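**Student:** Residue numbers (the numbering used here): 253 to 819.
1) Does DSSP classify residue 562 as helix, strand or coil?
2) Please specify which runs of the beta strand (DSSP E), each continuous and at least 3 residues long, are wholly inside the region 378-461, giving them in chain order.
3) Considering only C-alpha positions, which residue in the set 756, 792 and 467 is nearest to residue 766?
4) For residue 592, tell me which candidate among 674, 642 and 262 has the shortest Cα-Cα distance.
5) Which whole-angstrom value is the C-beta distance of residue 685 and residue 739, which I expect to be below 8 Å?
6) If we require 4 or more residues per run, which alpha helix (DSSP H) segments fall completely within the region 493-548?
7) Spatial neighbours of residue 661 within its chain, please: C-beta separation below 6 Å, excluding the five flanking residues on both sides.
8) Considering only C-alpha positions, which residue in the set 335, 412 and 258 is nearest to residue 283?
9) Use the C-beta contact count for residue 494: other C-beta atoms within 10 angstroms, 16 or more gives buried, fewer gives exposed.
10) Give the DSSP-derived three-state secondary structure of residue 357 in the structure shown.
11) Just tell me which of 382, 275 and 816 has its CA closest to the CA of residue 590.
12) I'd like to know if the region 639-657 and the region 774-790 are in contact, where contact means that at least 3 CB-CB pairs between them fall below 8 Å.
13) Which same chain residues, not among the five before or five after residue 798, have their C-beta less than 8 Å away from its C-beta?
14) Taking only the alpha-carbon atoms, compute the straight-line gap between residue 658 and residue 274 and give it to the nearest angstrom.
15) Would you say the region 531-539 touches the region 552-562, given that touching needs at least three Cβ pairs under 8 Å?
16) Which residues bound the alpha helix (DSSP H) around residue 777?
17) Ordered along the chain, which non-local residues of its own chain (more than five positions away) have a Cβ less than 8 Å from that of residue 299?
18) What three-state label does DSSP hand residue 669 in the structure shown?
19) For residue 468, collect the residues of the same chain with a Cβ closer than 6 Å to its Cβ; drop the 5 residues on either side in sequence, then sort them by chain order.
20) Using only alpha-carbon positions, find the residue among 736, 747 and 287 that is nearest to residue 779.
21) When you compare each of 291, 293 and 314 to residue 302 by their alpha carbons, which one comes out closest?
22) Just confirm the distance between the C-beta atoms of residue 463 and residue 586, as a whole number of angstroms; I'd bet it's less than 8 Å.
23) If we count the other Cβ atoms within 10 Å of its Cβ and call it buried at 16 or more, is residue 755 buried or exposed?
24) Does the Cβ-Cβ distance between residue 281 and residue 339 come in under 8 Å?
25) Alpha carbon to alpha carbon, how far is residue 327 from residue 552? Give it in angstroms, no decimals.
26) Given 8 Å as the limit, is there contact between the region 759-777 and the region 687-706, that is, 3 or more CB pairs closer than that?
27) Give the DSSP-derived three-state secondary structure of residue 349 in the structure shown.
28) Could you name the residues of the same chain whose beta carbon sits closer than 7 Å to that of residue 631, not counting the 5 residues immediately before and after it, in chain order?
29) Since residue 713 is in the alpha helix (DSSP H), which residue starts that stretch and which ends it?
30) At what residues does the alpha helix (DSSP H) containing residue 760 begin and finish?
31) Consult DSSP for residue 809 and reduce its assignment to one of helix, strand or coil.
32) Report all residues from its chain with a CB closer than 6 Å to the CB of residue 342; omit the five preceding and five following residues, and keep chain order.
33) If you follow the alpha helix (DSSP H) that residue 816 is part of, which residue opens it and which one closes it?
34) Comparing C-alpha positions only, which one of 549, 449 and 362 sits nearest to residue 596?
35) So residue 588 packs on residue 444, CB below 8 Å; how close in whole Å?
36) Expressed to the nearest angstrom, what Euclidean distance is found between the alpha-carbon atoms of residue 727 and residue 704?
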């Protein structure tokens, strides 16, 4: 029941959205075509009766008529199958588009993607949850629900035929032949329930193994991606042997789990194959004495055998789809786990952020680490437009953490900050260059403005990137193409174009030589005179570009002082 509740929790938002009416029409079309297929199966069952009777009676005209009827039944089956597939795939497409966009909105909204990384370390591969598991959830949910519908309708449709046929079967008892009402129905029911129960018992470990397989495969892919993203660093370290050892370790973990999964699947597959195929001959052996005694013709025997198979298949549906059910449950568990963490991450406490058009004001700011160690306590500061602050401290004393707290990205903090959050920009030590053209990367996170190309090229020239001017429209992986120093200068161009009211610089000039660092900071001071600059850095030379210095001294102590002669 918990799985069904989780399923509805994931499915309900779509079926309550603005897409519900088109989706309901597509679902109705799929259901109608599925019911038509069941109807064709019922007609085929009666076709068995007449066709095989014609064969037994050597009725050539009846045989030819049966051939024509068979052709029409197959055309109907093909048409309804294609129509059901069309409606189902259209529904899948519409559902996946909405669900993926909805999940992306939740993941990106309120910067949950960053908060999850900081606070929920056990969230594995959000990209797989969004790109793969949503699709699997929708496809498997529709497949299983339509399969269940087909089974239920088939069960009630063929029960009547099988119940009537049971009157032809007699069981010897105390020297007499006794007719048990619905005997074939009871045999099919008992056979299916026993078989289903045994299948559940044999495959009880499949959901856990499927879940672990997805996780270990994703871990292996992630490790390969990490090498690609850090190829230069690994090459400089000559770390190929260590990386290869880690790849092998993660590959072996995936293969070990895969083989455990295969062993369980072999057991369930072998049992299911024997169990399902044996069902086709059971009614024939039960009714053989009456058939050979001439109690009914061959057509009746084939009709009853087919009806028994349909009833048995409907009851035993869970046997056939048990591996699919276990995989479906694993997908639901992964998505629910991800959804719960998305919901939970907003509950985390943090700094109270409020909008203010002028200046930046910090009051009673406390910051601590997840282990409880306090980094900063009782910090207060007010900066007016055009002011600048340098945050200085040895490594590990919380400089970057302070920047995160001020921007609302660090949950382990309290206090309040007031500034114009809508017009802020942060330049990090390793700038983010999105996929696309260089022009898009320089304007990020704003849309590209081609009517400001003159200003863009001037800014590139001022920071020493004029050699990239002819490549503005080229699409490359710029994070791999450009050196770290070039990337940091691209970030300064971005700041000059975006013109934020508050600019955070988190060691954003660490890869620049003294001349380039000086040139970039002078550009900021000259071009953005009303922008508040808050820098993190080790270089003493940066101090002259700031009016205030905050020294983090460790053990929650700090010192605020003003620069005597700032630039």
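For every residue, glycine included, the Cβ atom is placed at its ideal position computed from N, Cα and C.
None of the values given here were measured: they were computed from a predicted structure.
**Tutor:** Taking the definition as stated:
1) It is helical.
2) With a minimum length of 3 residues, the continuous beta strand (DSSP E) runs that stay inside the region 378-461 are 423-425 and 428-430.
3) Residue 792 is the option with its Cα nearest to residue 766.
4) 262 is the residue among 674, 642 and 262 whose C-alpha sits nearest the C-alpha of residue 592.
5) The beta-carbon distance between residue 685 and residue 739, rounded to whole angstroms, is 6 Å. This is short enough to meet the 8 Å contact definition.
6) Taking 4 residues as the minimum length, the alpha helix (DSSP H) runs contained wholly in the region 493-548 are 534-544, in order along the chain.
7) Cβ neighbours of residue 661 beyond the five flanking positions: 366.
8) Of the candidates 335, 412 and 258, the one whose C-alpha sits nearest the C-alpha of residue 283 is 335.
9) Result: exposed.
10) Residue state, collapsed to three classes: helix.
11) Answer by Cα proximity: 382.
12) Cβ pair count under 8 Å is three or more, so yes.
13) Here residue 798 has 640, 641, 642, 785, 787, 815 and 818 as same chain residues with Cβ atoms under 8 Å from its own Cβ, once five neighbours each way along the sequence are excluded.
14) Note on geometry: alpha-carbon atoms of residue 658 and residue 274 lie some 45 Å from one another.
15) The region 531-539 is in contact with the region 552-562.
16) First-last of the alpha helix (DSSP H) with residue 777: 766-779.
17) For residue 299, where only same-chain residues beyond five positions count, the Cβ hits under 8 Å are 318, 321, 322 and 325.
18) In this structure, DSSP gives residue 669 an extended state, which the three-state scheme calls strand.
19) The residues are 505, 506 and 509.
20) Restricting attention to 736, 747 and 287, the CA atom closest to the CA of residue 779 is found in 747.
21) Nearest C-alpha to residue 302: 314.
22) Their Cβ separation, rounded to whole angstroms, is 7 Å, which keeps residue 463 and residue 586 in contact under 8 Å.
23) Looking at its Cβ environment, which holds 16 or more other Cβ atoms inside 10 Å, residue 755 is buried.
24) Closer than 8 Å, so yes.
25) In this model, residue 552 and residue 327 are separated by some 25 Å (Cα to Cα).
26) No, they do not touch.
27) In this structure, residue 349 counts as helix in the three-state DSSP scheme.
28) The beta carbon of residue 631 sits closer than 7 Å to the beta carbons of 614, 617 and 810 from its chain, once the five residues preceding and following it are set aside; these are given in chain order.
29) Here the alpha helix (DSSP H) through residue 713 covers 705-714.
30) Run containing residue 760: none; DSSP gives neither H nor E here.
31) Strand, per DSSP.
32) Closer than 6 Å at Cβ, skipping near neighbours: 278.
33) No alpha helix (DSSP H) holds residue 816; DSSP gives it neither H nor E.
34) Of the listed residues, the one whose Cα sits closest to residue 596 is 362.
35) So it is not a contact: roughly 31 Å between Cβ atoms.
36) When rounded, the distance between both Cα atoms is 20 Å.
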